[in-house]
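Protein chains in written order, with UniProt numbering: chain Y, 1 to 437; chain C, 1 to 238.
First the structure, in the form of structure tokens, and then the observations on it.
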Amino acid sequence: MFIYYLRLAMLSLRKNILLTSLMITAIGLGIGAAMTTITVNYLMSADPIPHKSDRLFYVQLDNWDPNSPYQEPNEPPDQVTWLEATNLMAAGKAFRQSAMGQSTLIVEPNRPEQKPFVTRVRMAYADFFPMFDVPFLYGSGWTANDDLDRRLVVVLSKATNDEVFGGVNSVGENLVMEGRSYQVVGVLDDWHPRPKFFDLSTGAFNLPEDLYVPYSLKESLELPSTGNNNCWQPVSEDTFQAFLQSECVNSQFWVEFEDPDDQYEYLAFLDNYVAEQKKLGRFPRETNNRLSNVMDWMENQEVVAEDARMMMYMALMFLIVCLLNTVALLLAKFIGRTGEIALRRAVGASRRTLFAQHLIEAGLIGAAGGLLGLILAWLGLKGINGLYGDQINGLTSLDPNMIALAIGLAVISTILAGLYPTWRACSVPPAGQLKTQ
Amino acid sequence: MLKMNNISKVFRTDVVETHALRDFTLHVEEGDFVAVTGPSGSGKTTFLNVAGLLETFDDGDYLLDGQSVKGLSDSQLARLRNEKIGFIFQSFNLLPDLNLFDNVDVPLRYRRFNAAERKRRIEEALEVVGLASRMRHLPSQLSGGQQQRVAIARALAGQPRFLLADEPTGNLDTQMANSVMDLLEQINKEGTTVVMVTHDPLLAQRAQRNIFVRDGRVSEVTSNADASELLHKTAQVG
Ligand SMILES: Nc1ncnc2c1ncn2[C@@H]1O[C@H](COP(=O)(O)OP(=O)(O)OP(=O)(O)O)[C@@H](O)[C@H]1O
Ligand SMILES: [Mg+2]
């Protein structure tokens, strides 16, 4: 029977190509707009590390100006100082922990034909790699001892290894940067968590850095901070040590627990720590420490931009307008068919059968509209990509979930749009329409 | 077989009430060929629609094949229409986008026969009306008489017990009307009960019984089995 209805639907859709294409276009446009914005929102709010996002916590401590909060109403700073970064690392109270920050280094390749180039560097601790499940192609991360010893070790991204070493296993090789020779201990596989949750302060959807070195080198080599740096009072003198000892925040601090409940113990530790620091004259504000797991942190940092959300609501409104349009067109189509409906009823079609027949027709229009919408969404995402480029890297691809959602949304909404016209069509009495032509 | 007792049917609009049927009582036996005549607006079509379960009625009893049709659900009524009743309308009412085969197929689809069974019945029905060779044609490619034959094939394909025809020859010229009438007679001879509304007294006389409807009531019933035979004979002699 389903096949029969499909055949009837095809016949009827072919009969009035103009009306059919109008309906398909209306739905296609609505779905296209909705899917484009839904995809962007969906990818923005995706869980970048689903199996442990509830065990990874971002640390915030409030060392800010006693007279005004970092951000209203009473938000602690979104990064920590060098002092806290190193003190909390030294305490080592969590299962895993890593302070981290961003810097740059100039690579001087061995091959003479290659020119030196600037790389974006992530300074981190040994735990960074196991904490965030960073995939390795060759070798591994460095050790905690390397951190303590401030050894010149480096982990390369796949792209950097391709560029400098032609993609071969470079573990054990030396990489010269700014006159110093670093030993390569590991090469990453492709790695692009979206959002780049471990450091949202430097563009939530940027690519991760080109290479990784121990955070402890920041002090010994005086590596500059290139990420966000915020200070509430001027640095006492213009020296690197003074900068490190200042209340300027420029590092992120992540901890991993074996059990999410361990956060309470850790928070108590942080409160204690701040109490100790207060005795030294620091932390003039009321204690305001905070631990946020990955999803809460992304929420707090408004990874899904407000305007992206607005765009999505507007696109959904547009979809509703398109559907209302479809309701009108379907109504016209079905009401123009009362003669046929009456005849079918007379020869034995029940209301229910006719209902099925017409809903299948509506569903078919929906499926076609959904396909068109997918194509439009794909084009729309390409367009967005063209406009914003790398800034939203990887946010503009349609995955199978989204494709299923698009088709499902189209079919379901068209069937919903078809309900009223179908109901009208089926309430045609079997007699009455049959007397005259 | 078809028993209507004191059926009444009122059409109500905002301004008027029309009593289309009042105290309408009629029994049609299995195998009958009944012709219904009467002035325009007397209620003939309304009677046929009630008989064919296309229209409800306000009062009285109606037994179809021994079963009371009061209070049946929409799908039960649809099923009865599908299995027991074949309709023929004055304006043929073929579906213009479907070819003859698919037109005759419509009631069989709702009967849920398998494909082979449907094919067999469609071909047989079109054979009976002499249009088997035109199966893939569209209705618009046929003459009026041929279209009405397709409608008859559609009514026959489900092998209904009752054939209800509302002025089946009303849109046809005399010659085509006669051939359609021949077909109905042949179908009746093979056991199908036929009820036909007509304005044509000559055609009406070919039925076994004539019912005259006036003001929504059966006002006269004449049996003319002999008359019809007489008519045949004179026609042949003449
Ligand atoms: N759907 C309806 N709504 C209101 N009144 C109706 C409706 N159908 C029929 N009638 C009225 O009921 C009465 C009987 O109509 P019906 O169609 O049964 O007459 P008829 O005998 O078939 O006439 P004709 O020979 O012209 O076809 C008429 O007065 C008609 O106006
Ligand atoms: Mg009539």
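Every residue, glycine too, gets a C-beta built ideally from N, C-alpha and C.
It should be emphasised that the depicted structure is a prediction, and the values quoted were computed from it without experimental measurement.
Asked                                                                                                                                                                                : Found
Ligand 1: which residues have Cβ under 5 Å from any of its heavy atoms, chain order?                                                                                                 : C:F11, C:T18, C:A20, C:S40, C:G41, C:S42, C:G43, C:K44, C:T45 and C:T46
Short of 9 Å Cβ to Cβ, which residues in the segment 315 to 348 of chain Y face chain C?                                                                                             : G339, E340, A342, L343, R344, R345, A346, V347 and G348
Just curious, the beta strand (DSSP E) that Y:A99 is in, first and last residue?                                                                                                     : R96 to E108
Going by DSSP, what residues sit across from C:V195 in a beta bridge?                                                                                                                : C:V34 and C:L164
Give a single yes or no on whether C:V195 has its beta carbon closer than 7 Å to a heavy atom of ligand 2.                                                                           : no
Could you name the residues of the same chain whose beta carbon sits closer than 6 Å to that of Y:G281, not counting the 5 residues immediately before and after it, in chain order? : none
What does Y:T353 touch in chain C if you count any residue whose Cβ is under 7 Å from its own?                                                                                       : Y110
Name the chain C residues that come within less than 7 Å of Y:S350, Cβ to Cβ?                                                                                                        : D74, S75 and A78
Taking 7 Å as the limit between beta carbons, can you name the residues of its chain near Y:F243, skipping five residues before and five after?                                      : V235
Any heavy atom of ligand 2 closer than 7 Å to the beta-carbon of C:D14?                                                                                                              : no
Check whether chain C comes within 8 Å of Y:L13, counting only Cβ atoms and requiring the distance to be less than that.                                                             : no
For the segment 23 to 42 of chain C and the segment 186 to 201 of chain C, state whether three or more C-beta atom pairs, one from each stretch, are separated by less than 8 Å.     : yes
Have a look at Y:T436 and Y:T39 and give me their C-alpha separation to the nearest angstrom.                                                                                        : For Y:T436, the pLDDT reaches just 48, beneath the cut-off of 50, and the residue's location in the model is therefore unreliable, leaving the point undetermined.
What residue from Y:L419, Y:A349 and Y:P214 has the CA that sits closest to residue 471 of chain Y's CA?                                                                             : Residue 471 of chain Y cannot be examined here, being either before or after the span of chain Y that is shown, 1 to 437.
Report the three-state DSSP secondary structure of C:K233 (helix, strand or coil).                                                                                                   : The predicted model places C:K233 with a pLDDT of 45, which falls under 50 and marks its position as unreliable; any figure quoted below should be read in that light. It is helical.
In terms of alpha-carbon separation, which member of Y:E256, Y:I412 and Y:L43 lies closest to Y:H192?                                                                                : Y:L43
Can the beta-carbon of Y:V184 be found less than 8 Å from the beta-carbon of Y:V171?                                                                                                 : yes
Please state whether the Cβ-Cβ distance between Y:N325 and Y:A26 is less than 8 Å.                                                                                                   : yes
So, are the CB atoms of C:V128 and C:V150 less than 8 Å apart?                                                                                                                       : no
Can you tell me whether C:D215 sits near ligand 2, meaning its C-beta is under 7 Å from at least one heavy atom of the ligand?                                                       : no
Check the Cβ of C:V106 against every Cβ in chain Y and list those closer than 9 Å, keeping chain order.                                                                              : L343, R344, V347, G348 and A349
My assumption, with CB atoms under 8 Å, is that Y:A429 sits in contact with Y:F334. Please give the rounded CB distance.                                                             : Residue identity differs from the one stated: residue 429 of chain Y is Pro in this sequence, not Ala. About 15 Å; that fails the 8 Å criterion.
Could I get the ranges of all uninterrupted beta strand (DSSP E) runs contained in the segment 3 to 47 of chain C, with 3 residues as the minimum, in chain order?                   : 17 to 28 and 33 to 37
Name the chain C residues that come within less than 7 Å of Y:A431, Cβ to Cβ?                                                                                                        : N49, L54 and E55
Residue range of the alpha helix (DSSP H) that Y:Q183 falls in?                                                                                                                      : Premise fails: Y:Q183 lies in the beta strand (DSSP E), R180 to L188, not in any alpha helix (DSSP H).
Have a look at Y:H358, Y:L13, Y:Y182 and Y:D149 and flag the residue whose alpha-carbon is nearest the alpha-carbon of Y:V107.                                                       : Y:Y182
Helix or strand or just coil, what does DSSP make of C:S228?                                                                                                                         : Model confidence at C:S228 stands at a pLDDT of 49, short of 50, so the residue's coordinates are unreliable; what they give is reported in the following sentence. Residue state, collapsed to three classes: helix.
Helix, strand or coil: which one does DSSP assign to Y:V134?                                                                                                                         : coil
Leaving out five residues on either side along the sequence, give the residues of the same chain with a beta carbon under 7 Å from the beta carbon of Y:L175.                        : V107, V154, V164, Y182 and V184
Can you find a CB in chain Y that lies within less than 8 Å of the CB of C:F11?                                                                                                      : no
Can you tell me whether DSSP reads Y:A124 as helix, strand or coil?                                                                                                                  : strand
Report, in whole angstroms, the separation of the C-beta atoms of C:L54 and C:V69, which I expect to be a contact under 8 Å.                                                         : Contact doesn't hold; Cβ gap of about 11 Å is too wide.
Would Y:L200 and Y:S157 qualify as a contact pair, given that the criterion is a beta-carbon distance under 8 Å?                                                                     : no
Please name the residue in C:Q147, C:Q159, C:Y62 and C:E17 whose C-alpha comes closest to that of C:E124.                                                                            : C:Q159
Nearest CA to the CA of C:D74: which residue from Y:A349, Y:L409, Y:N401 and Y:M35?                                                                                                  : Y:A349
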